[in-house]
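Okay, so here's the structure we're looking at.
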Amino acid sequence: MKKNKEPITCLTAYSKPIAKILDGKVDLILIGDSLGTTIYGMDNTRGVTVEMMKNHGKAVVMNSKFSMTIVDMPYKTYRNKNEALKNAREILAFTKADFIKIETDKKNVNVVKHLTKNRVKVISHIGITPQKFSDFSKIKSVGKKIKDENNLIILAKELENAGSKMIVLECINTDVSRKITSNLSIPTIGIGSSKYCDGQVLVIDDILNLNSISKKPKFIKSYTNIEKNITRAVNTFIREVKNKTYPSKKHSY
Ligand code: KIV
12 MKKNKEPITC LTAYSKPIAK ILDGKVDLIL IGDSLGTTIY GMDNTRGVTV EMMKNHGKAV
72 VMNSKFSMTI VDMPYKTYRN KNEALKNARE ILAFTKADFI KIETDKKNVN VVKHLTKNRV
132 KVISHIGITP QKFSDFSKIK SVGKKIKDEN NLIILAKELE NAGSKMIVLE CINTDVSRKI
192 TSNLSIPTIG IGSSKYCDGQ VLVIDDILNL NSISKKPKFI KSYTNIEKNI TRAVNTFIRE
252 VKNKTYPSKK HSY
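The numbering used here numbers the first residue of the sequence shown as 12 and each following residue consecutively.
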């Protein structure tokens with residue numbers, strides 16, 4: 012797809028119903044550790060566990076026959092080569108996902124190399140790596156300074172050489188993501204990193220406007236307003252129960 016310049020699509024899913032809707036439509040389904048904030052109500056992704064990723068991963072993969080699947084490795088589960096391989100194998104064996112994704116910087120390129128040598132299919136994630144932030148409001152774009160630009164371009168190449176199958180570029184400045192993408196033969200998947208990436212990923216809750224947060228990052232685009240629809244349905248249910256129009260004869264045994 013990269014060679015044919017056909018953009019790759021990726022959305023997150025954490026459950027069976029969403030997996031069934033996405034399957035065969037998007038190219039990639041990501042069981043992201045964003046589930047910490049979207050599902051579990053955490054302030055950041057640091058409390059996400061291997062167990063959570065395994066359970067949500069399995070529910071999604073079991074319902075994804077056509078799209079390829081990626082499971083995130085949670086915070087502090089890949090601090091060294093042995094820990095990373097043990098946890099990656101455990102997640103992949105349980106979920107049967109195609110890839111694991113890890114948040115990478117120059118300190119853990121060796122971990123990626125070790126995983127790929129051991130036949131684990133790895134997607135690297137660079138730029139803004141959310142596990143580094145306890146407060147998401149502090150997240151800004153990266154790559155504007157020439158030093159950061161060079162470091163990101165070098166890091167992406169090192170991760171390709173380490174055997175990564177793709178690289179997620181998060182909140183990286185347009186020029187830099189374009190340069191990284193043209194410098195690599197593996198695909199880049201952008202989130203807040205311009206149209207010059209080989210594909211795009213977003214969190215499903217954001218495109219559906221399921222969790223209306225007051226200050227949204229600039230890259231988020233909501234294509235519908237599910238929160239409004241759910242609120243309308245809930246209000247109608249409450250009204251009908253209160254005025255005894257539900258359950259009607261039709262809904263009674
Ligand atoms: O956890 C996640 O959902 C992610 C994407 C937003 C890239 O890592």
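The beta carbon of each residue, even a glycine, is placed where N, CA and C say it ideally should be.
Residue environment, residue i, which counts as buried when at least 16 other CB atoms sit within 10 Å
| i | result |
| --- | --- |
| N236 | exposed |
| F77 | exposed |
| A173 | buried |
| S135 | buried |
| K65 | buried |
| V245 | exposed |
| D217 | buried |
| F248 | exposed |
Reference residue i, options the options, closest by Cα
| i | options | result |
| --- | --- | --- |
| K87 | M79, D44, S196 and S175 | D44 |
| A95 | N119, I165 and S78 | N119 |
| S148 | K239, K260, K226 and I215 | K226 |
| G58 | L39, V72, A70 and P85 | P85 |
| S193 | V212, E171, A24 and S152 | E171 |
| K14 | S204, V187 and G210 | G210 |
Beta carbon of residue i nearer than 8 Å to that of residue j
| i | j | result |
| --- | --- | --- |
| K112 | L41 | yes |
| S200 | I19 | Before going on, a small fix: residue 200 reads as Ile here, not Ser. Going by C-beta atoms, I200 is nearer than 8 Å to I19. |
| Q142 | T48 | no |
| I164 | M177 | no |
| V131 | A99 | yes |
| V133 | T127 | yes |
| I202 | V212 | yes |
| I50 | Y89 | no |
Boundaries (first-last residue) of the alpha helix (DSSP H) holding residue i
| i | result |
| --- | --- |
| S135 | That residue, S135, is in no alpha helix (DSSP H); its beta strand (DSSP E) goes V133 to G138. |
| M177 | Per DSSP, M177 belongs to no alpha helix (DSSP H); it is in the beta strand (DSSP E), M177 to E181. |
| V252 | I237 to K253 |
| I215 | I215 to L219 |
| T199 | Looking at the DSSP string, T199 is not in any alpha helix (DSSP H); the run it does join, the beta strand (DSSP E), is T199 to I202. |
Unbroken beta strand (DSSP E) run spanning residue i, endpoints
| i | result |
| --- | --- |
| F110 | F110 to E114 |
| L39 | L39 to I42 |
| D83 | M79 to D83 |
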